[in-house]
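Asker:
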Amino acid sequence: MTDPTTHSQPAVDPALVARVKGILLQPKSEWLKIDGEFATTKSLFTRYAMILAAIGPVCSLLGGQLMPIMGMKLSIVGAIVVALVSYGMSLLGVFLLGLIINALAPNFGGTANKVQAMKLAVYSWTAAWLAGVFGLIPMLGILAIVGLYSFYLLFVGLPILMKVPEDKKVGYFIVTVIAGVVMYFIISAIVGAISMSFVAASVGMAGLAGMGAGY
């Protein structure tokens, strides 16, 4: 009889783990490998981005419910909505970053290629997504700054995937980062506004409950 355990699938795709390790620890050689790989925007998101982008929202959801900051805790419904919005906006942000990278490439002597640009946006954001794990402990949220390593990954990958000359890669990188940072703040403001609306609603409900208990 065949042992069913020999056919069990691993909990995490080994290829995904290998890609994460490669892009973080050996970015230049990994970018060279990525440059020649076949991919589509759909495969980049469904097999990689959609998985890693969930780390931050899920960890923040759990951390916020288990260890609320200053005693403030969103209702479970509110926390789930904020997590879903954060997740969606994170994916949208990376997709838009890919479009920005592609649109800017010809201006810096590079080759416009939407799939290559999406590869760059998705894989460079690996560090930022992994840093979302600090959301499990809100007091350690400041450590998410390690996610800035994603900018270094982007810098290394730009000339390789978008064929930008060495003498123009710095300017290309700076303009791309500025556009990305502006987009990040817009997305953060949207998620923050939604979060605050649920906090206000929670406080309001608590106040009403307190008033009712006083009668």
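Under the numbering used here, read the sequence shown as residues -6 to 208, first letter to last. Where a beta carbon is used, it is the ideal one built from N, C-alpha and C, also for glycine. All values reported here derive from a predicted model rather than from experimental measurement.
Just how far apart, CA to CA, sit R12 and L59?
Answerer: C-alpha separation (whole angstroms): 32 Å.
Asker: Mind checking whether P152 and G102 have CB atoms under 7 Å apart?
Answerer: Cβ atoms of P152 and G102: not closer than 7 Å.
Asker: Once DSSP output is grouped into helix, strand and coil, what is the label at V108?
Answerer: DSSP places V108 in helix when its eight states are reduced to three.
Asker: Can you tell me where the alpha helix (DSSP H) with T33 in it begins and where it stops?
Answerer: Neither: T33 is in no alpha helix (DSSP H) and is coded neither H nor E.
Asker: Tell me whether S181 counts as near the ligand NAP, meaning its Cβ is closer than 6 Å to at least one heavy atom of that ligand.
Answerer: As for the ligand NAP, it is missing from this structure, which has no ligand bound.
Asker: Looking only at C-alpha atoms, which of F31, V126, V87 and L113 sits nearest to M176?
Answerer: Of F31, V126, V87 and L113, the residue nearest in Cα terms is V87.
Asker: Do L89 and G150 have their CB atoms nearer than 7 Å?
Answerer: For L89 and G150, no; Cβs fall outside 7 Å.
Asker: Please name the residue, chosen from A76, I135 and I93, that lies closest to Q109 on a Cα-to-Cα basis.
Answerer: Here the closest residue by C-alpha is I93.
Asker: Return helix, strand or coil for D160, following the three-state DSSP convention.
Answerer: Helix, per DSSP.
Asker: Just to check my reading of the structure: I16 and Y116 have Cβ atoms closer than 8 Å, yes? What is that Cβ distance to the nearest angstrom?
Answerer: I16 to Y116, Cβ: 5 Å. Contact.
Asker: With a cut-off of 7 Å, does the C-beta of K112 fall near any C-beta of chain B?
Answerer: In the structure shown, chain B does not exist; there is a single protein chain.
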